[in-house]
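> One structure is given below, represented as structure tokens, and several questions about it will come after.
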Amino acid sequence: MEVRQCRPFLLEVQEVFALAQAYFFSSQVFQQAAKSCSNSLPVFSAGSARAYSNRFVNNVQLLGRVGREPQKIGTSEAVSFPFYTETILKFKDGTVKTYPCWHRVVVVRQGLSTVAVNNLEKGQRVFVQGRIAYRAPTVGEDGKMIHNHQAAVVAENLVFLEKSRKNLSVESQPQDDKQAAAAN
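Everything in the sequence shown is counted per full-length UniProt numbering, starting at 1 for the first residue and increasing by one.
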């Protein structure tokens, strides 16, 4: 019975992810990449099935809101920002509780980090695809390894589900200049 009660929530989440993925897969960037890679897809035979079965998956998909504008990490091109998602649970007695969850998202790719800095802003709804990474262990003063289990999502793709107000102000600025020039 618990599975049946959770099923509507799962369907809603799956529908949201399906919409975000449909938006990404319909983009021109993805279509061009798919066309260029279609001729080089790997073909697996019975002998290679064994090697393929030893593969691992480290994949994360988050749909939520940006907690703060991206900030550069040190002198590198990498940027990071907090990301907010919610988990909604419905209990047997009919009560619904919402649990907030904060994630640390790191963008390492040079082009994507530039896009993130120029377009992301606090509160903007974004779909993040990436992988989980943990901080490397460090050596303490006594020579023992210190394991900091701090996780971050390394973003490999960002899908903007809302327009940034930064872009709207930049797009409207040249028109205002043209109108001011026409008035003179």
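Glycine is no exception: its CB is placed at the ideal position from the N, C-alpha and C atoms.
Enumerate in chain order the residues of its own chain whose CB-to-CB distance from Val60 is below 8 Å, with the five nearest sequence positions on each side excluded.
For the purposes of this step, residue 60 is identified with residue 60 of the sequence shown, where counting begins at 1. Around Val60: Val128, Gln129, Gly130, Arg131, Ile132, Val153.
> Should Asn39 go down as buried or exposed, given a rule of 16 or more other Cβ atoms within 10 Å for buried?
Here residue 39 refers to the residue found at position 39 when the sequence shown is read from its first residue. Confidence in Asn39 is poor, its pLDDT being 48 and thus under 50, which makes the residue's placement unreliable; the coordinate value appears in the next sentence. Classification of Asn39: exposed, given that the 10 Å Cβ count is below 16.
> Between which two residues does the alpha helix (DSSP H) holding Ala116 run?
The residue you call residue 116 lines up with position 116 of the sequence shown. First-last of the alpha helix (DSSP H) with Ala116: 110-119.
> Measure the alpha-carbon distance for Glu162 versus Gln124 and round it to whole angstroms.
Translated into the one-based positions of the sequence shown, residue 162 becomes position 162. Translated into the one-based positions of the sequence shown, residue 124 becomes position 124. Spanning the two alpha carbons is a distance of roughly 6 Å.
> Can we say the segment 111-122 touches the segment 92-102, given the rule of at least three CB pairs closer than 8 Å?
no
> Cα-Cα, which of Glu69, Val107, Gly67, Lys90 is closest to Ser76?
In the sequence shown, the residue the question calls residue 76 occupies position 76. Measuring from the Cα of Ser76, the nearest candidate turns out to be Val107.
> In the DSSP assignment, what residue or residues form a beta bridge with Glu86?
On the sequence shown, position 86 is the one that residue 86 refers to. According to DSSP, which records beta bridges pairwise, Glu86 is partnered with Pro100.
> With DSSP collapsed to three states, give me the class of Arg165.
The residue given as residue 165 occupies position 165 in the sequence shown. It is helical.
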